[in-house]
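Colleague: Here it is: the structure, laid out below.
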Ligand SMILES: [Zn+2]
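In the working numbering, the protein residues as written are 1302 to 1566.
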């Protein structure tokens, strides 16, 4: 079983425009798909991916309902596991978590750079605590985003400090805890109860550094992820194979860990 834990798609009527804006902002020459759910699934199928976790982001408080309506609409699409999003400035953030939970959404994505908050701000605590109580899986964008100016709002150090707020509910640090930040990932995240995803890491993450982190942190808490359309899942799978891990560890990272988290057989 292969599960891609970090992908994106958009409502059909917005897909082309949104993909083009984000592509230009980040300098991505050839997105792996056009931005629609159908094209995401095609790319996933070509790569041999069985399930793609689609991470939606409410970039402002007014968008929260619409973004989550789209996430909920994807629940019926075979091969897609949609996550929802809450914005820290939305007065409905806490009740929106209930709505997502009741609809059957399994996880929440935060992109602190896009959403304009530092991940360790006190105002986030009630949201994190509620996420923990409901048992959502939480994905944090971590480290530099090529399309957004500095400062970085979530890095290995800040994230390492807030992990206890989730009361044991699973937390994932995207992009292997932040590009080029391997030293701090080892220092602040390795050995803690946190998952690292490999989104957008192919061609960026030095294999030797990645192998060292996997050895210290354990293959049980690494998740294969592409960031499709910004990376092709075929390349992200190849990156995991490139590490030349044991067959057992490779299978865990490619899908078994994700299947356990998502309760998929
Ligand atoms: Zn992403």
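Here a beta-carbon is modelled for each residue, glycine too, at the ideal position from N, C-alpha and C.
1. Between which two residues does the beta strand (DSSP E) carrying residue 1381 extend?
2. Less than 8 Å between the C-beta atoms of residue 1386 and residue 1365, yes or no?
3. Which residue wins for smallest C-alpha separation from residue 1302, given the options 1401, 1380 and 1368?
4. Beta carbon of residue 1440, beta carbon of residue 1356: below 8 Å?
5. Could you work out which residue in 1316, 1407 and 1495 is closest to residue 1468 when comparing CA atoms only?
6. Pairing CB atoms from the region 1453–1467 with CB atoms from the region 1420–1427, are three or more of them under 8 Å?
7. Below 7 Å, is the gap between the Cβ of residue 1356 and the nearest heavy atom of ligand 1?
8. Can you look up residue 1544 in the DSSP assignment and give me helix, strand or coil?
9. Helix, strand or coil for residue 1417 per DSSP?
10. Is residue 1307 a contact residue of ligand 1, with contact defined as CB to any heavy atom under 7 Å?
11. Considering residue 1399, what are the terminal residues of the alpha helix (DSSP H) in which it resides?
12. Looking at the structure shown, is residue 1556 part of a helix, part of a strand, or coil, going by DSSP?
13. Using CA atoms only, rank isn't needed, just tell me which of 1407, 1452 and 1392 is closest to residue 1425.
14. Flag this pair as yes or no: are the beta carbons of residue 1524 and residue 1498 separated by less than 8 Å?
15. Starting from residue 1352, follow its DSSP beta bridges and name the residues at the other end.
16. Check whether the Cβ atoms of residue 1258 and residue 1428 sit closer than 8 Å, and answer yes or no.
17. Residues in the same chain with beta-carbon distance under 8 Å from residue 1378, minus the five sequence neighbours each way, listed in chain order, please.
18. Per DSSP, what kind of secondary structure is residue 1498 in: helix, strand or coil?
19. Three Cβ pairs or more, each shorter than 8 Å: is that satisfied between the region 1324–1332 and the region 1545–1565?
20. Could you tell me if residue 1539 is buried or exposed, where buried requires 16 or more neighbouring beta carbons within 10 angstroms of its beta carbon?
21. Consult DSSP for residue 1441 and reduce its assignment to one of helix, strand or coil.
22. Give the list of continuous alpha helix (DSSP H) stretches no shorter than 4 residues that lie fully inside the region 1459–1504.
23. Report all residues from its chain with a CB closer than 7 Å to the CB of residue 1493; omit the five preceding and five following residues, and keep chain order.
24. Take the Cβ of residue 1488 as the centre, count every other Cβ of all protein chains shown within 10 Å, and call the residue buried at 16 or more, exposed below.
Modeller: Well, looking at it:
1. Annotation for residue 1381: the continuous beta strand (DSSP E) segment containing it runs 1381–1384.
2. Yes, the pair counts as a contact, with Cβ atoms nearer than the cut-off.
3. Checking every option, the nearest Cα to that of residue 1302 belongs to 1380.
4. Yes. Within cutoff.
5. Taking only the C-alpha atoms, the option nearest residue 1468 is 1495.
6. Yes: the two stretches touch, three or more of their Cβ pairs being nearer than 8 Å.
7. Distances between the C-beta of residue 1356 and the heavy atoms of ligand 1 include at least one below 7 Å.
8. Judged by DSSP in its simplified three-state form, residue 1544 adopts coil rather than helix or strand.
9. Collapsing the DSSP output to three states places residue 1417 in coil.
10. With a threshold of 7 Å, the Cβ atom of residue 1307 counts as near ligand 1, since some heavy atom of the ligand is closer than that.
11. Its alpha helix (DSSP H) spans residues 1394–1404.
12. Helix, per DSSP.
13. The shortest Cα separation from residue 1425 among 1407, 1452 and 1392 belongs to 1392.
14. Here residue 1524 is near residue 1498, since their CB atoms are less than 8 Å apart.
15. Residue pairing of residue 1352 in beta bridges, as defined by DSSP: 1304.
16. In the structure displayed, the chain extends from 1302 to 1566; residue 1258 sits before or after that span and is not available.
17. Shown here for residue 1378: same chain residues with a beta carbon closer than 8 Å to its own, the five before and five after excluded, namely 1338 and 1342 in chain order.
18. Strand, per DSSP.
19. Touching, no, given that fewer than three Cβ pairs across the two stretches are closer than 8 Å.
20. By the 10 Å Cβ count, residue 1539 comes out exposed.
21. DSSP places residue 1441 in the strand class (E or B) of the three-state scheme.
22. Secondary structure remark: continuous alpha helix (DSSP H) runs of at least 4 residues inside the region 1459–1504, in chain order: 1483–1489.
23. Closer than 7 Å at Cβ, skipping near neighbours: 1461 and 1464.
24. By the 10 Å Cβ count, residue 1488 comes out exposed.
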